[in-house]
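Peer 1:
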Amino acid sequence: MLLHVRIVCTFIFAFYYAPCLFLTDNYVQRDFMENIYKIILEDTLAGYWDWNIKEGTEYLSPSLKLMFGYEDHEMENKPEAWEQLIFPEDHKKILKCFNEHVVSRGRVPYKTEARYTHKNGSTVWVMCTGRVIEWDGYEPVRMVGCNIDITKQKKAEEALHATQVFLNKTNEVAIIGAWEVDHLKDKVYWTHITRQIHEVDDDYEPVLSEGINFYKEGEHRNRIKEVFGKLVADGISYDEEFIIVTAKGNEKWVRAIGQAEMLDGKVVKTYGTFQDVSRRRKMQNELIQSEQRFRESFENAAIGMALVGLDGTWLRVNKQVVEITGYGQKEILTKTFQEITHPDDLNADLDFVQQLLEGKIDNYQMEKRYFHKYGHIVWVLLSVSLVRTEDGAPVHFVSQIEDITEKKLAQEQLKKTNKELSALFESITHVSVIATDYDGTIKHFSKGAENLLGYTAEEMIDVQSPAIIHVEEEVVSRGKELSVELGEHVEGFDVFVAYAKKGEFESREWTYVRKDGTTFPVQLVVTATKNAEGEITGFLGIATDITKRKEAEETLQNTLNIVSEQNTRLINFAHIVSHNLRSHSGNLELLLGLIDTSETDEEKKEVINHLNGVSSHLSETILHLNDVVTIQTDLASNKERINLKAYIDNTIKTLAGDIQQTGVQIINNVPEQVYLEYNKAYLESIILNFMSNGIKYRSLDREGFVKFDYISNSGMQALVIEDNGLGIDLDRYRDKLFGMYKTFHGNDDAKGIGLFITKNQVESMGGKIDVESEVNKGTKFTITF
Amino acid sequence: MKNVGMTCIIDDDQVYVFGLKKLIEFSDFCKNVMVFSNGEEALKYLSPIVTNIEKLPDIIILDINMPVMDGWEFLEEFIKIKHRLAKNITIYMVSSSIQQSDIDKAHQYTEVSDYIVKPIKLDDLKRIMT
């Protein structure tokens, strides 16, 4: 570029010097010549002037006047006419030049440039030349000259200069160096920048044959040889990039431009520029690489990638998109995403697109359905972003499309299963299903749980932990057990899930506490819930109300107890049969044998007396047996409302004879308002037994008493019967106290049946008898009804 | 035939005692019979005379079920004074109980020679005598 300007410049100067005027000094031919010149000059574009110095007149040719914008008649023919138009400083210059011409008697030519003001106000550059043609001694008399308008050239020159200054500057900045080869002189010129690019000193003198060596050997050097050869031979310009190796050995990318100047079809000069483009080249390389990378990642991405036009047209898709949609690479370019999107998902997608375009969002992600080419539905996870130009205008969308059909189907299946399961859970109203997160916060609270526990799901979910429905003491004590079992401290929520955390499931009985504070037994199974990776995410506690089972168990236990009691009674019964009945039958046998051997009537009579005794004992024993059997069969005996005090008083009346005879005092401290729900016959029998025992086993050493007291404590009723009689050696007899046919005092009328029957009666009514006694001090029986 | 000097009956059943005494008389089982209606009474008698050969019985016919002190308790007490006894006393447990547990328990005592189920018969006495 720079060289080109220079060439133009050269041309202009050549033109400038070309029309030289030759004026002769031949006086003889003067007039003739004068006229000739005048004609020539007046017809030329140049202005002609003829100055009579002595007379002070000056002829100004019309063309000269026209130069300043005036018609011939508008300017007078005298020096003052142009003196008014010339720039004052240029007038001085003209005068100075004129003086030198005169002083040197014409040897120094009168030739100068001056500026005039055109009629229209513009500046007119004029090249003024002239010569004194008549002398009066040393005085000039007449002078003629020629003025040429050089305004255009001057302006061009100025513009050129400005351009040159600007170019130099910009070249320096852009690091563009220039070169020029004068093939005629075989001379090479490099600018400062060119030298810099080649990393040579400023005094380096380039040589054409050497210049080629800067180009990197091989492809680059060969190419420059070729293009430079063509430039020199045929004037074919080039603009190419090469790698050069600088004087310091650095490799650089340069852009080299070469042009030729022809003369007569022959290249005389070549010139061009050098520009260091390493940086751009590097950036370009990087760009290419990054584009390459993008393309590769685009093509080889594991998920579908697509460039989509603003109208939804597919612009470019990778293989995955082809696979996902079933459309071919080219086929899909004729479609829009709208066409293959499921109508139910389209609006949501278009909404997002709109928001993207409006700049409200930078990208979006959604699950949506495409119609595969073959008609079936493909679920995808779509991620879309918008590419904009630097000034923000949308260009196209970049979409990432992941096929999630399988995942989605699995999800749907899971949802369905979940729904079914939860429906199942919800339908079971007597089973509590509670799910928690890992830390124990309740996340699910089934209908059954609501039903059984009285809490609503809203009250529990995300708020409570299962601790609220448990009995604290139970949890604490289980925690201690677990701590021992597992050898680590277990407390709080971990008590429920310690085994679940170890991958085991645990089923055990707990007591649940309802919202109203009441409790019920449950069988609780705790398992861990896990995610796909097998990590525990929470726990599931399924509890079954086992109240009925418990009740059944209790009933069973009661039945067992009854059976075992029955068994005890059976043993007693067997004992009675074995011992008492047999002793009577044995005696009968013995006595009957004696009758045969009795020799005297007296002896026989004695034996028969004994037989009578045995007979009555036998009847008595059978009655006792009857009593015992009655108790067993009387289990469901009728209860009646009985006034305790009145019954004791009645018994006192019954035993009035004995009481009077023995002088034992009976003290009835039972309050009048005390009533019992009890079997009448039993109560009579019990009170009679204890009262008669008290009388029977009185101490003969002191005034005896039998005292009846009533105790009631939190729903429990008890009768305390205390005497100051003989007492019983409990160390010896505690085991036998209530046994059948056990007697302790050696009294003849002691049968050992009373306490046995009493105890059975009390126990058959669900009560118990406790005894305290000290020999010779007294006995205290406490009957808890 | 052994010569039994004195037989001690410990039993609260008066009818039985009457019958047994008749049998003993009839069979010439022994010269003398003493009767106690429970273990305690018997022990009260025996304890002070352990060294008196003349007064000690040769045989004790012991009932199990008795008031105050039953046959088992008597046996326990008897074991305590046994080593001081001036002569060997043979004990027969006689009871109307046919429960195996009672029979087995009786046989665990080395002091008890045999367990006889009531009513005791003439043959039983004859067997003891041989």
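These protein sequence lines are chains A and B, in that order. Quick note on numbering: the first sequence equals residues -13 to 771 in the working numbering. Quick note on numbering: the second sequence equals residues 313 to 442 in the working numbering. The beta-carbon is built from N, C-alpha and C at its ideal position, and this holds for glycine as well.
(1) When the Cα atoms are used, what is the spatial distance from Asp377 of chain A to Arg241 of chain A?
(2) Suppose you measure from the CA of Glu589 of chain A to the CA of Asn595 of chain A; what does that come to, to the nearest Å?
(3) Our contact map puts Val110 of chain A next to Asp135 of chain A with C-beta atoms below 8 Å; I'd like the distance itself, whole angstroms only.
(4) Going by the DSSP bridge assignment, what does Thr505 of chain A pair with across the sheet?
(5) Is the CB-CB distance between Leu368 of chain B and Ile401 of chain B below 9 Å?
(6) Rounded to the nearest angstrom, what separates Val419 of chain A and Gly290 of chain A at their Cα positions?
(7) Closer than 7 Å by beta-carbon distance: list the chain B residues that pair up with His475 of chain A, in chain order.
(8) Are the segment 737 to 747 of chain A and the segment 406 to 416 of chain B in contact at 8 Å, needing three or more beta carbon pairs?
(9) Using the DSSP secondary-structure output, state which residues sit across from Gln386 of chain A in a beta bridge.
(10) Counting only beta-carbon atoms, is Asp325 of chain B nearer than 9 Å to chain A?
(11) Going by C-alpha to C-alpha distance, which of B:Pro379, B:Asp370, B:Ile373 and B:Thr422 sits closest to Ile391 of chain B?
(12) Excluding sequence positions up to five away, which residues of its chain have a Cβ less than 6 Å from the Cβ of Tyr756 of chain A?
(13) Comparing C-alpha positions only, which one of A:Val339, A:His610 and A:Asp262 sits nearest to Ile229 of chain A?
(14) Could you spell out where the alpha helix (DSSP H) holding Asn573 of chain A opens and where it closes?
(15) Does any C-beta atom of chain A lie closer than 9 Å to the C-beta of Pro431 of chain B?
(16) Compare the C-alpha of Lys78 of chain A against each of A:Glu99, A:Asn63 and A:Val94 and name the closest.
(17) Please classify Asp335 of chain A: is it buried, with 16 or more other beta-carbons within 10 angstroms of its beta-carbon, or exposed?
(18) Rounded to a whole number of angstroms, what is the C-alpha to C-alpha distance between Lys105 of chain A and Ala145 of chain A?
(19) What does the alpha-carbon distance come out to for the pair Asp773 of chain A and Lys354 of chain A?
(20) Given a threshold of 16 other Cβ atoms within 10 Å of its Cβ, counted over all protein chains shown, does Gly251 of chain A qualify as buried or as exposed?
(21) For Met381 of chain B, which three-state DSSP category applies?
(22) Could you name the residues of chain A that Lys334 of chain B contacts, counting a contact when the two beta carbons are closer than 7 Å?
(23) Helix, strand or coil for Val481 of chain A? Go by DSSP, reduced to three states.
(24) Taking the alpha helix (DSSP H) that Thr768 of chain A belongs to, which residues open and close that run?
(25) Apart from the five residues just before and just after Asp715 of chain A, which ones in its own chain have a Cβ nearer than 7 Å to its Cβ?
(26) Shortest alpha-carbon distance to Pro95 of chain A belongs to which of A:Cys83, A:Leu319, A:Arg101 and A:Tyr664?
(27) What do you reckon, are the CB atoms on Arg374 of chain A and Val384 of chain A nearer than 9 Å?
(28) Rounding to the nearest angstrom, what Cα-Cα distance links Gly317 of chain B and Asp370 of chain B in this structure?
(29) Please list, in chain order, the chain B residues whose beta carbon lies closer than 9 Å to that of Glu436 of chain A.
(30) Can you confirm whether Ser359 of chain B, when its beta carbon is compared against all beta carbons of chain A, has any partner nearer than 9 Å?
(31) Relative to the C-alpha of Ser700 of chain A, which candidate in A:Leu293, A:Thr770 and A:Glu86 has its C-alpha closest?
(32) Using 10 angstroms around the beta-carbon of Thr259 of chain A, count the other beta-carbons present and answer buried if the total reaches 16, otherwise exposed.
(33) In whole angstroms, what is the alpha-carbon distance linking Asn12 of chain A and Lys97 of chain A?
(34) DSSP has Cys83 of chain A in a bridge; who is on the other side?
(35) Under 9 Å, Cβ to Cβ, is there at least one residue of chain B near Leu576 of chain A?
(36) For chain A, check one thing: does any of its Cβ atoms lie closer than 9 Å to the Cβ of Leu355 of chain B?
Peer 2: This is what the structure gives:
(1) Within the first sequence, the letter at position 391 stands for residue 377 of chain A. Within the first sequence, the letter at position 255 stands for residue 241 of chain A. Cα to Cα, Asp377 of chain A sits roughly 30 Å from Arg241 of chain A.
(2) Within the first sequence, numbered from 1, the residue matching residue 589 of chain A stands at position 603. Within the first sequence, numbered from 1, the residue matching residue 595 of chain A stands at position 609. Spanning the two alpha carbons is a distance of roughly 10 Å.
(3) Numbered from its first residue, the first sequence carries residue 110 of chain A at position 124. Numbered from its first residue, the first sequence carries residue 135 of chain A at position 149. Yes, Val110 of chain A and Asp135 of chain A are in contact; Cβ-Cβ is about 6 Å, under 8 Å.
(4) Taking the first residue of the first sequence as position 1, residue 505 of chain A is located at position 519. DSSP, once it has assigned bridges, lists A:Val499 as partnering Thr505 of chain A.
(5) In the second sequence, residue 368 of chain B corresponds to position 56, counting from 1. In the second sequence, residue 401 of chain B corresponds to position 89, counting from 1. Cβ atoms of Leu368 of chain B and Ile401 of chain B: closer than 9 Å.
(6) Position 433 of the first sequence, counted from the first residue, corresponds to residue 419 of chain A. Position 304 of the first sequence, counted from the first residue, corresponds to residue 290 of chain A. Approximately 43 Å between the Cα atoms of the pair.
(7) Sequence index remark: in the first sequence, residue 475 of chain A carries index 489 (1-based). Per Cβ cutoff of 7 Å: no residues; His475 of chain A is ~53 Å from chain B at best.
(8) Note that the segment 737 to 747 of chain A does not touch the segment 406 to 416 of chain B; fewer than 3 beta-carbon pairs, one per stretch, sit closer than 8 Å.
(9) Residue 386 of chain A sits at position 400 when you count from the first residue of the first sequence. A:Met291 and A:Ser369, per the DSSP bridge assignment.
(10) Taking the first residue of the second sequence as position 1, residue 325 of chain B is located at position 13. By this cut-off, Asp325 of chain B is an interface position.
(11) Counting from 1 along the second sequence, the entry for residue 391 of chain B is found at position 79. If we check each option's Cα against that of Ile391 of chain B, B:Thr422 comes out closest.
(12) Taking the first sequence and counting its residues from 1, the one referred to as residue 756 of chain A is at position 770. The residue you asked about is not Tyr; residue 756 of chain A is Asp in the sequence shown. Exclusion of the five residues before and after Asp756 of chain A leaves Thr768 as the residues of its chain whose Cβ lies within less than 6 Å of its Cβ.
(13) Walking along the first sequence from the start, residue 229 of chain A turns up at place 243. Among A:Val339, A:His610 and A:Asp262, the Cα nearest to that of Ile229 of chain A belongs to A:Asp262.
(14) In the first sequence, the residue the question calls residue 573 of chain A occupies position 587. Looking at the DSSP string, the run of the alpha helix (DSSP H) that includes Asn573 of chain A is Arg568 to Thr583.
(15) Position 119 of the second sequence, counted from the start, is the residue given in the question as residue 431 of chain B. Pro431 of chain B counts as touching chain A.
(16) Position 92 of the first sequence, counted from the start, is the residue given in the question as residue 78 of chain A. That would be A:Glu99, whose Cα lies nearest to the Cα of Lys78 of chain A.
(17) Your numbering for residue 335 of chain A matches position 349 in the first sequence. By the 10 Å Cβ count, Asp335 of chain A comes out buried.
(18) Here the question's residue 105 of chain A lines up with position 119 in the first sequence. Here the question's residue 145 of chain A lines up with position 159 in the first sequence. Using only the alpha carbons, I get a separation of about 23 Å.
(19) Summary: the structure shown does not reach residue 773 of chain A, with chain A confined to residues -13 through 771, and so no result is reported for it.
(20) Here residue 251 of chain A refers to the residue found at position 265 when the first sequence is read from its first residue. With fewer than 16 other Cβ atoms within 10 Å, it is exposed.
(21) If you number the second sequence from 1, residue 381 of chain B lands on position 69. Met381 of chain B: coil per DSSP, three-state reduction.
(22) Reading the second sequence from its first residue, position 22 is the one you call residue 334 of chain B. The answer, in chain order, is Leu580.
(23) Looking up residue 481 of chain A in the first sequence gives position 495. Three-state result, Val481 of chain A: helix.
(24) For the purposes of this step, residue 768 of chain A is taken as residue 782 along the first sequence, with counting starting at 1. Membership of Thr768 of chain A in any alpha helix (DSSP H) is not indicated; the residue belongs instead to the beta strand (DSSP E) covering Gly764 to Thr770.
(25) Counting from one through the first sequence, the residue named residue 715 of chain A turns up at place 729. Answer for Asp715 of chain A: Val761, listed in chain order.
(26) As a working note, residue 95 of chain A is residue 109 in the first sequence. With distances taken between Cα atoms, Pro95 of chain A lies closest to A:Cys83.
(27) As a working note, residue 374 of chain A is residue 388 in the first sequence. As a working note, residue 384 of chain A is residue 398 in the first sequence. With a cutoff of 9 Å on beta-carbon distance, Arg374 of chain A and Val384 of chain A are scored as not near each other.
(28) Counted from its first residue, the second sequence places residue 317 of chain B at position 5. Counted from its first residue, the second sequence places residue 370 of chain B at position 58. Near 6 Å, if we compare the C-alpha coordinates of Asp370 of chain B and Gly317 of chain B.
(29) Numbered from its first residue, the first sequence carries residue 436 of chain A at position 450. Neighbourhood of Glu436 of chain A in chain B, by CB distance below 9 Å: empty, with the nearest CB roughly 59 Å away.
(30) Counted from its first residue, the second sequence places residue 359 of chain B at position 47. No - not a single Cβ of chain A is within 9 Å of the one on Ser359 of chain B.
(31) Here residue 700 of chain A refers to the residue found at position 714 when the first sequence is read from its first residue. Minimum Cα distance to Ser700 of chain A is reached at A:Thr770.
(32) Your numbering for residue 259 of chain A matches position 273 in the first sequence. Under this definition Thr259 of chain A is a buried residue.
(33) Locating residue 12 of chain A in the first sequence gives position 26, counting from the first residue. Locating residue 97 of chain A in the first sequence gives position 111, counting from the first residue. Caution applies to Asn12 of chain A, whose pLDDT of 49 falls short of 50 and renders its modelled position unreliable; the value that the coordinates give is listed next. A straight line joining the alpha-carbon of Asn12 of chain A with that of Lys97 of chain A spans about 21 Å.
(34) Position 97 of the first sequence, counted from the first residue, corresponds to residue 83 of chain A. Partner(s): none; Cys83 of chain A has no beta bridge.
(35) Residue mapping note: residue 576 of chain A aligns to position 590 of the first sequence, counting from 1. Chain B, which has a Cβ nearer than 9 Å to the Cβ of Leu576 of chain A, makes this yes.
(36) In the second sequence, the residue the question calls residue 355 of chain B occupies position 43. Judged by the 9 Å Cβ criterion, Leu355 of chain B is not in contact with chain A.
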